[in-house]
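S.K.: One structure, as structure tokens, below. Some questions next.
Residue numbers (this note's numbering): 2 to 479.
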């Protein structure tokens, strides 16, 4: 659930853009209804609003995300407070708490035979059967020394399974249904009083999970030109992440059943974003951003494995994934916002590529329509996304084939296409207060071009992903 760093920077840099668009929409509805292209004074009239009274506003929301077939569920609560001083400087405080649970894919393939895995607890799958007890119960001992009831005699005595192990039925996608995590995050930023042509924003973020911690600092600068019809922005972000996986950090490419561990590892990230915002007409605002992102350090998902198969496709074991310790990403983002007399249209496109071989394209459309003068509005949303696979993405590895330095079966690194379709309904009590409800449906289709070995034929190796998203939001001033 981590938000991308360039998205964080772009959100902060677009604050002035939102203010500017609000002013343009008001002018368009009050003007002659035409698209004259005269931008000589439109930005000056909207920037800052002329109201220097200190104000505070709040945005409180809740989100629920549920994947199909009992997979991952997320419940999230968000509270944001913004305080604008008389000199138009502003403080922003953002608090987030979310909880994740459900069945999380561990990277292994479905198989014609039942498969047994260990929960993230530090236990291995190596076990030694001990002498059968008089009651007919077999006792097994893990490599860590824990004893547990692991079977029964033909008499059918019921026994308790080892709570650190779970078994996946033949043909089923391996999911760890005991997956659970919770995240708390706080973000604080400050924008300096807008000068005649420029202003600064600086902030920091902290996020904590059961097995992950992230800290970052960021800053951005905005410079206006051409009577504030053109704004150049520059933002940067520095982040430091620490991983503390439950049970320890697995050694990359090591045998899953022995669970070789190493110390906790970290990752550092640096981002730079350059943006240009231009008032094109009284109704049309466009924004263009270029961003680079460089991360160094531990990039693996410590809970993901890769199935090892023989030449026929039978499972012979599992290894832990391994990804490069460096990732360099480049992205282009173009956003267009158009204000009709009452409605607004937001159309954006994004292209990203990295040195892992992933290329992605995104198109996103929002259309908001006011329902007369009732204060009600509806907003339609459609998003299309496609990405290619990382160069080291593999559904499986085959016994006896050449050694791979990097390999991962994480579907997030594979090729897929996704679509999101949703609607939001809202009601504005007045110009400063609004309540809304958003419902969306997400559908993902996996694309994999690997040979289907004999024992894999007929199995659902490429399950798609469907999810439902519901969000409620309340905004008000106080």
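A virtual CB, placed ideally from N, CA and C, is assigned to each residue, including glycine.
I believe residue 252 touches residue 263 by the beta-carbon criterion, under 8 Å. Please report the beta-carbon distance rounded to the nearest angstrom.
M.R.: Indeed, because the Cβ distance is near 5 Å, the residues count as touching under 8 Å.
S.K.: Which residue's Cα is closest to the Cα of residue 176: 304, 198 and 226?
M.R.: Among 304, 198 and 226, the Cα nearest to that of residue 176 belongs to 304.
S.K.: Which residue wins for smallest C-alpha separation from residue 419, given the options 364, 413 and 445?
M.R.: That would be 445, whose Cα lies nearest to the Cα of residue 419.
S.K.: Where does residue 106 sit, in a helix, a strand or coil, going by DSSP?
M.R.: Residue 106: strand per DSSP, three-state reduction.
S.K.: May I ask which residues mark the beginning and end of the beta strand (DSSP E) holding residue 430?
M.R.: Residue 430 -> beta strand (DSSP E) spans 416-431.
S.K.: Bridge partners of residue 215, per DSSP?
M.R.: Answer by DSSP bridge pairing, in chain order: 208 and 242.
S.K.: Between which two residues does the beta strand (DSSP E) containing residue 375 stretch?
M.R.: That residue, residue 375, is in no beta strand (DSSP E); it is neither H nor E in DSSP.
S.K.: Find the nearest neighbour of residue 332 within the set 314, 256 and 355, judged by alpha-carbon distance.
M.R.: Minimum Cα distance to residue 332 is reached at 355.
S.K.: Check residue 403 in the structure and name its three-state DSSP category.
M.R.: Residue 403 falls in the coil class under three-state DSSP.
S.K.: Output the distance between the C-alpha atoms of residue 117 and residue 313, rounded to the nearest integer angstrom.
M.R.: Taking the straight line joining both Cα atoms gives about 20 Å.
S.K.: Quick one, which of 186, 202 and 324 has its alpha-carbon nearest residue 209's?
M.R.: Nearest C-alpha to residue 209: 186.
S.K.: On a CA-only basis, which of 478, 219, 192 and 279 is nearest residue 229? Give me that one, please.
M.R.: That would be 279, whose Cα lies nearest to the Cα of residue 229.
S.K.: If you run the structure through DSSP and keep just helix, strand and coil, what is residue 413?
M.R.: Helix.
S.K.: Taking the C-alpha atoms as reference points, what is the distance between residue 396 and residue 410?
M.R.: The alpha-carbon atoms of residue 396 and residue 410 are separated by roughly 5 Å.
S.K.: Would you check if there are 3 or more beta carbon pairs closer than 8 Å linking the segment 311-325 to the segment 363-376?
M.R.: With a cut-off of 8 Å, the segment 363-376 and the segment 311-325 do not count as touching, because too few Cβ pairs lie within range.
S.K.: Pop quiz: residue 345 and residue 338 are said to be a contact at Cβ under 8 Å. What is the actual Cβ separation, rounded to whole angstroms?
M.R.: About 7 Å; that satisfies the 8 Å criterion.
S.K.: Looking at C-alpha atoms only, which residue of 369, 178 and 82 is the closest neighbour of residue 103?
M.R.: Comparing Cα positions, the closest option is 178.
S.K.: To the nearest angstrom, how far is it from the Cα of residue 494 to the Cα of residue 340?
M.R.: With the chain covering 2 to 479 only, the question about residue 494 has no answer from this structure.
S.K.: Residues in the same chain with beta-carbon distance under 8 Å from residue 33, minus the five sequence neighbours each way, listed in chain order, please.
M.R.: Residue placement at residue 33 is flagged as unreliable, the pLDDT there being 41, under the threshold of 50; the coordinate-derived value follows with that caveat. Hits under 8 Å: none found.
S.K.: Would you mind working out which of 284, 336, 241 and 290 sits nearest residue 300, comparing C-alpha positions?
M.R.: The shortest C-alpha separation from residue 300 is found at 241.
S.K.: Starting from residue 437 and walking both ways along the beta strand (DSSP E), at which residues does that stretch end?
M.R.: Where residue 437 is concerned, the enclosing beta strand (DSSP E) stretches over 434-448.
S.K.: Could you compute how far the alpha carbon of residue 471 sits from the alpha carbon of residue 65?
M.R.: The alpha-carbon atoms of residue 471 and residue 65 are separated by roughly 5 Å.
S.K.: I'd like to check one pair, residue 435 with residue 423: are the Cβ atoms closer than 7 Å?
M.R.: No, the Cβ-Cβ distance between residue 423 and residue 435 is not below 7 Å.
S.K.: Take residue 475 as the anchor and find which of 89, 416, 111 and 79 has the nearest alpha-carbon.
M.R.: Per the Cα distances, 79.
S.K.: From residue 385 to residue 56, what distance separates their C-alpha atoms?
M.R.: Going from the Cα of residue 385 to the Cα of residue 56 covers about 38 Å.
S.K.: Let me confirm a value: residue 452 is counted as buried when at least 16 other C-beta atoms fall within 10 Å, else exposed. Which label applies?
M.R.: Exposed.
S.K.: Going by Cα to Cα distance, which pick from 342, 364, 121 and 244 is closest to residue 284?
M.R.: The residue with the shortest Cα to Cα distance from residue 284 is 342.
S.K.: Residue 440: buried (16+ other C-beta within 10 angstroms of its C-beta) or exposed?
M.R.: Exposed: under 16 other Cβ atoms inside 10 Å.
S.K.: State the beta-bridge partners of residue 78 as determined by DSSP.
M.R.: Looking at the DSSP assignment, residue 78 forms a beta bridge with 63 and 98.
S.K.: Could you name the residues of the same chain whose beta carbon sits closer than 6 Å to that of residue 232, not counting the 5 residues immediately before and after it, in chain order?
M.R.: These residues qualify, in order along the chain: 223, 225 and 278.
S.K.: Do residue 294 and residue 330 have their CB atoms nearer than 7 Å?
M.R.: Yes. Within cutoff.
S.K.: Helix or strand or just coil, what does DSSP make of residue 116?
M.R.: Residue 116: strand per DSSP, three-state reduction.
S.K.: Is it buried or exposed for residue 322, if we count other Cβ within 10 angstroms and need 16 for buried?
M.R.: Per the 10 Å Cβ criterion, buried.
S.K.: Hey, quick one: how far does the beta strand (DSSP E) through residue 71 stretch, first residue to last?
M.R.: Segment: none, residue 71 is in no beta strand (DSSP E) and carries neither H nor E.
S.K.: Going by beta-carbon coordinates alone, are residue 324 and residue 297 separated by less than 7 Å?
M.R.: No, the Cβ-Cβ distance between residue 324 and residue 297 is not below 7 Å.
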